[in-house]
Amino acid sequence: MTDDGQNERPSYQYYLGDIINVEAVVKQFFHVPLRVYVERCVATIAPDMNSIPNYVFIENNGCLIDARITGSSSKFMARTAENKLQFQLEAFRFQNVDSGMLYITCHLKATSTLRPIDAEHRACSYINGWKEASGQDAACGSCESGGFGGTGGNQGAGIAANPGQTAGRKIRDVSQRENNVFEWEGDVTLGPIPIGERVVA
Numbered sequence: 001m002t003d004d005g006q007n008e009r010p011s012y013q014y015y016l017g018d019i020i021n022v023e024a025v026v027k028q029f030f031h032v033p034l035r036v037y038v039e040r041c042v043a044t045i046a047p048d049m050n051s052i053p054n055y056v057f058i059e060n061n062g063c064l065i066d067a068r069i070t071g072s073s074s075k076f077m078a079r080t081a082e083n084k085l086q087f088q089l090e091a092f093r094f095q096n097v098d099s100g101m102l103y104i105t106c107h108l109k110a111t112s113t114l115r116p117i118d119a120e121h122r123a124c125s126y127i128n129g130w131k132e133a134s135g136q137d138a139a140c141g142s143c144e145s146g147g148f149g150g151t152g153g154n155q156g157a158g159i160a161a162n163p164g165q166t167a168g169r170k171i172r173d174v175s176q177r178e179n180n181v182f183e184w185e186g187d188v189t190l191g192p193i194p195i196g197e198r199v200v201a
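Quick note on numbering: the sequence shown equals residues 1 to 201 in UniProt numbering.
Have a look at this one:
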């Protein structure tokens, strides 16, 4: 997405330090108002989310830990609609890896807006403390307990940019109902996203 979050970015080329703007949107289901969450995101240099190296930058049910680990400006944006969630990631490259390509795979969840924002349904960023995208900061209380670790392999030190299209989609669970409350989960992959190094003149 463009920096204003309104349109698709015309180019997928990013450079170290650029901001990648990502948006998740869910459509209404049978007139049930839905709220979307990004539960987990991992960056890799291959489409396989389990490949190595990898860097988990959202974990623990919606805690965006990149800023907590690296001091970057990565964060969830304040919600403008329940069915839409945007986040920013500073573009980075993996250390000691020649490839400048990134894939970002995120696990998304959509639930009825009747379900409260809590420790399992949240969008938390570290901005001088943990802040929740809908203002329910108390829901972020357990983000510090996550451990701040990737699932394995070399972790990235850097910054994220704005991915464009969904390259692959794996639906784990569709139309799951718990206690008569609609819930959907699925994985979405963005990429490849080329991350270049800026040439100093």
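Built from N, CA and C at the ideal position, the CB exists for glycine as well.
Straight-line measurement puts the Cα of residue 57 at about 12 angstroms from the Cα of residue 91. Residue 61 counts as buried, since at least 16 other C-beta atoms from the protein chains shown sit within 10 angstroms of its C-beta. When rounded, the separation of the alpha-carbon atoms in residue 198 and residue 16 is 7 angstroms.
In the DSSP annotation of this structure, the continuous segment of the beta strand (DSSP E) that includes residue 40 starts and ends at 34-44. Bounds of the alpha helix (DSSP H) holding residue 70 are 66-70. Look at residue 144 here: in three-state DSSP terms it is helix. Taking C-beta atoms under 8 angstroms as the contact rule, residue 14 and residue 67 fail to qualify, at a distance of about 18 angstroms. When DSSP states are grouped into helix, strand and coil, residue 118 belongs to the strand group. Contact between residue 44 and residue 82 is ruled out by a C-beta separation of about 30 angstroms, above the 8 angstroms threshold.
Here the alpha carbon of residue 119 sits roughly 35 angstroms from the alpha carbon of residue 97.
Between residue 76 and the set 70, 101, 84, the nearest pair of CA atoms involves 84.
The shortest CA-to-CA distance from residue 141 to any of 128, 124, 134, 48 is the one to 124.
In the three-state scheme derived from DSSP, where H, G and I count as helix and E and B as strand, residue 24 is classed as strand. By alpha-carbon distance to residue 108, the top candidate from 19, 11, 65, 42 is 42. In the three-state reduction of the DSSP assignment, residue 110 falls in the strand class, which pools E and B. Residue 187 carries a strand assignment under DSSP once its states are collapsed to helix, strand and coil. Note that the C-beta distance between residue 87 and residue 102 is not below 8 angstroms. Between residue 34 and residue 26, the CB-CB gap stays under 8 angstroms. Just so you know, the alpha carbons of residue 188 and residue 100 end up roughly 21 angstroms apart.
Cβ neighbours of residue 38 within its own chain (closer than 7 angstroms, five residues either side excluded): 24, 58, 62, 85, 87, 106, 108, 123. For the pair residue 20 and residue 73, the Cα-to-Cα distance works out to about 11 angstroms.
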